[in-house]
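Per the working numbering: the sequence shown = residues 39 to 353.
Everything below concerns the one structure shown next.
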Amino acid sequence: MNTKSASAISESSAPRDDAAKRPQHLSSKEFTPLIQKLILYTKLKLSKPTIKSGEFYGSPGAGDSRVISVVSTLLFIIIWAAVTELGFIEPLFLPSPVDVFQKFVDIASNGFAGATLVQHLSASLTRIFGAFFFACLIGIPLGILIGCSYILRGFFDPLIEFYRPLPPLAYLPLIIIWLGIDEGSKMTLIFLAMLAPIILSARSGVTSVRMEQIQVAYSMGASRWQVITQVIAKGALPDILTGMRIAIGFGWTTLVAAEMVAAQRGIGFMVLNASEFLRTDVVIAGIIVIGVIAYCFDLFMRFLERKLVPWKGHN
Numbered sequence: 039m040n041t042k043s044a045s046a047i048s049e050s051s052a053p054r055d056d057a058a059k060r061p062q063h064l065s066s067k068e069f070t071p072l073i074q075k076l077i078l079y080t081k082l083k084l085s086k087p088t089i090k091s092g093e094f095y096g097s098p099g100a101g102d103s104r105v106i107s108v109v110s111t112l113l114f115i116i117i118w119a120a121v122t123e124l125g126f127i128e129p130l131f132l133p134s135p136v137d138v139f140q141k142f143v144d145i146a147s148n149g150f151a152g153a154t155l156v157q158h159l160s161a162s163l164t165r166i167f168g169a170f171f172f173a174c175l176i177g178i179p180l181g182i183l184i185g186c187s188y189i190l191r192g193f194f195d196p197l198i199e200f201y202r203p204l205p206p207l208a209y210l211p212l213i214i215i216w217l218g219i220d221e222g223s224k225m226t227l228i229f230l231a232m233l234a235p236i237i238l239s240a241r242s243g244v245t246s247v248r249m250e251q252i253q254v255a256y257s258m259g260a261s262r263w264q265v266i267t268q269v270i271a272k273g274a275l276p277d278i279l280t281g282m283r284i285a286i287g288f289g290w291t292t293l294v295a296a297e298m299v300a301a302q303r304g305i306g307f308m309v310l311n312a313s314e315f316l317r318t319d320v321v322i323a324g325i326i327v328i329g330v331i332a333y334c335f336d337l338f339m340r341f342l343e344r345k346l347v348p349w350k351g352h353n
C-alpha cells in the first residue's frame, strides 16, 4: 500500500514538474511571429546599448534631431498656409507661403528697388563677412592676450564691458559723424557689433585651458610665446568658434541698422524699403533669405568645429 501510494504521488507530481520546467525550454517555434520579432528586437537592443561605457544616464542632448527638425519645419509651414488660406489673417499682415514664394521668384528675376536679388545679396554679404573677417583678425588675438595678461585685462575690460551692452543704433549717429555715410560707416557698425563677443569668447577660452598642459609645455622647454600660440590658443579654440557663431548672429541683426544709412543695395535695405510701402510679402521674403543664409553659415561653423576640435565634449 505504501509503495502504490508513493508511485501515485510521484506520477501526480511529474506533470507539475514538467509544467514548471517547460517555459524554460520552449523553442522559438512555439511563439507567434510577433513575439519572435519582439524577442529579437530586445536582444539587439541589449547587445548594442545606446549608452557608452562610463555614461550611466547617457550624454546630455545625445541623439540625432534632424528628422524632428524637418518635421517641425514642415508643420510650421502647413500651419502658416492653413491660417492664411482660410482667411484668419489678412494678406496685408501675413501673406501665404505661396505668395511669398512667388514674390521671391519675381525679385530673383526682375529685382526690387533698382537692383536684382543677386546684387542685394552681394552687397550685404560683402558688408557682413568683411566686418566678420576684421573682427576675427583683431578680436581673437586680443581676447587671448587679455586672458593671458592682467595688465591688458585691466586696460581693455572697462572699454569692452562699457560698449558691449550698447545697442548699435545708440552709437550709429556718432559713427556717421566720424565716418560719413559711405561703406566704411556701415562696416564699422557691424564690426563693432561682432567684436565684443569674439573677444569675450577668446578670453573665456583661455581660462578653460588645463594648467597641466601649460606646465608640461614649460617643462619641455617651450617659451612663453610658444605656450600662448601652441597650447593656449589651441585649447581656447572651442570657445573661439562658439564666439564666432554668436558674432555672426549679431552681425546679421545689425545689418538692417547699418543699411539704414544711405544704402542703395542690400537685403536689409530691401526689407526697409518694402516696409515703407507695406509690401509684406517682400519683407517676409527678405527675412527668410537672411535666416537661411545665417543658418547655412552656422551649419558650416558646426562642421568646422567637428573637424578642428574633435575633442570638444570629451574628457
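In this text, a Cβ means the ideal position worked out from N, Cα and C, and glycines have one as well.
{"Item": "Close beta carbons around L190, own chain, < 6 Å, minus the five adjacent residues each side", "Value": "L183, I184"}
{"Item": "Three-state secondary structure (DSSP) of A323", "Value": "helix"}
{"Item": "Cβ pair I228, R165 closer than 8 Å", "Value": "yes"}
{"Item": "Three-state secondary structure (DSSP) of A153", "Value": "strand"}
{"Item": "Test item: CB-CB of H158 and G304 under 8 Å", "Value": "yes"}
{"Item": "Cβ neighbour criterion (16 or more within 10 Å) applied to L337", "Value": "exposed"}
{"Item": "Simplified DSSP state of P348, which is helix, strand or coil", "Value": "coil"}
{"Item": "Span of the alpha helix (DSSP H) around I198", "Value": "188-201"}
{"Item": "Chain B contact for Q253 (CB, 8 Å cutoff)", "Value": "You won't find chain B in this structure, because it holds only one protein chain."}
{"Item": "Top-ranked residue by Cα proximity to F307, from S313, F315, E297", "Value": "E297"}
{"Item": "Given 8 Å, three or more beta-carbon pairs between the segment 246-254 and the segment 268-277", "Value": "yes"}
{"Item": "First and last residue of the uninterrupted alpha helix (DSSP H) at L217", "Value": "206-217"}
{"Item": "Contiguous beta strand (DSSP E) assignments of at least 3 residues, all confined to the segment 113-169", "Value": "none"}
{"Item": "V320 and A332 closer than 8 Å at C-beta", "Value": "no"}
{"Item": "Whole-angstrom distance between S147 and P206, CA atom to CA atom", "Value": "33 Å"}
{"Item": "7 Å Cβ shell around F335 - same chain, five flanking residues per side excluded", "Value": "I286"}
{"Item": "Counted within 10 angstroms of its Cβ, other Cβ atoms place F341 as buried (16 or more) or exposed", "Value": "exposed"}
{"Item": "DSSP state of L337 mapped onto helix, strand, coil", "Value": "helix"}
{"Item": "Reference F315, options F131, S261, E221, closest by Cα", "Value": "F131"}
{"Item": "Identity of the residue in V136, L233, L175, V299 nearest V121 by Cα", "Value": "V136"}
{"Item": "7 Å Cβ shell around C174 - same chain, five flanking residues per side excluded", "Value": "I236, M282"}
{"Item": "Cβ neighbours of I322 in the same chain (closer than 6 Å, five flanking residues each side left out)", "Value": "V138"}
{"Item": "Candidates I266, A255, V327, V265: closest to S162 by CA position", "Value": "V327"}
{"Item": "For D397, the three-state DSSP class (helix, strand or coil)", "Value": "The shown model of the chain, from 39 to 353, leaves out residue 397, and the question about it has no answer."}
{"Item": "Beta-carbon spacing of M232, F288 below 8 Å", "Value": "yes"}
{"Item": "Same chain only: Cβ atoms within 7 Å of A300, ignoring 5 sequence neighbours per side", "Value": "I219"}
{"Item": "DSSP-derived helix/strand/coil call for V105", "Value": "helix"}
{"Item": "Buried or exposed by the 16-neighbour rule on C-beta atoms within 10 Å, applied to I106", "Value": "exposed"}
{"Item": "As assigned by DSSP and simplified to three states, the class of Q302", "Value": "coil"}
{"Item": "Backbone secondary structure at E343 - three-state DSSP", "Value": "helix"}
{"Item": "Burial state of A169, where buried means 16 or more other Cβ atoms lie within 10 Å", "Value": "buried"}
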